[in-house]
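Chemist: In the working numbering, the protein residues as written are 5 to 147. For every residue, glycine included, the Cβ atom is placed at its ideal position computed from N, Cα and C.
#1: Take residue 26 as the anchor and find which of 15, 33, 16 and 38 has the nearest alpha-carbon.
#2: Give me the DSSP bridge partner(s) of residue 140.
#3: Take the Cβ of residue 104 as the centre, count every other Cβ of all protein chains shown within 10 Å, and call the residue buried at 16 or more, exposed below.
#4: Please list the segments of the alpha helix (DSSP H) lying wholly inside the segment 45 to 96, counting only runs of 4 or more residues, in order along the chain.
#5: To the nearest angstrom, report how far apart residue 23 and residue 138 are at their CA atoms.
#6: Kindly indicate which three-state DSSP category residue 117 falls into: helix, strand or coil?
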């Protein structure tokens with residue numbers, strides 16, 4: 005399977021397996037192999053980034069959490085917590101998906117339920133970072 009090189013300075017030690025003609029990647033948070041989709045490839049980079057580079061514990065990372073938004077059940081991709089408080093909501097898209105104002109608004113709507121201080125919208129190649137201040141999102145480039 006040909007996977008695109010994503011926009012991370014670090015390289016991570018992923019575990020893969022193949023079953024018939026499908027590829028799977030090991031998720032350190034859920035402790036199981038998941039179907040390797042383009043979106044999962046992006047999410048696993050962020051999982052490894054927060055575990056290895058930022059030294060968060062696996063218990064601080066929440067993946068695929070269900071939320072209810074306008075009566076519809078949705079799932080958030082990745083939530084980083086500190087002392088169980090939501091800190092960073094990460095919405096992952098496949099690398100070929102263009103990040104637009106519409107996709108950012110989706111992430112902001114999800115965060116209206118979650119209440120994280122910061123959100124990251126990413127397709128693995130481009131990352132849009134914003135924090136919530138004075139009732140609005142302020143975009144920034146992380147250092």
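Modeler: According to the structure shown:
#1: As a first step, residue 26 must be located in the chain shown, where it is residue number 22. Of the listed residues, the one whose Cα sits closest to residue 26 is 38.
#2: Numbered from its first residue, the chain shown carries residue 140 at position 136. Looking at the DSSP assignment, residue 140 forms a beta bridge with 137.
#3: Taking the first residue of the chain shown as 1, we reach residue 104 at position 100. The residue is exposed, with fewer than 16 neighbouring Cβ atoms inside 10 Å.
#4: As far as the segment 45 to 96 is concerned, it has no whole alpha helix (DSSP H) run of at least 4 residues.
#5: Within the chain shown, the letter at position 19 stands for residue 23. Within the chain shown, the letter at position 134 stands for residue 138. Distance between the alpha carbons of residue 23 and residue 138: 50 Å.
#6: As a working mapping, residue 117 is identified with position 113 in the chain shown. Of the three classes helix, strand and coil, the one that applies to residue 117 here is helix, per DSSP.
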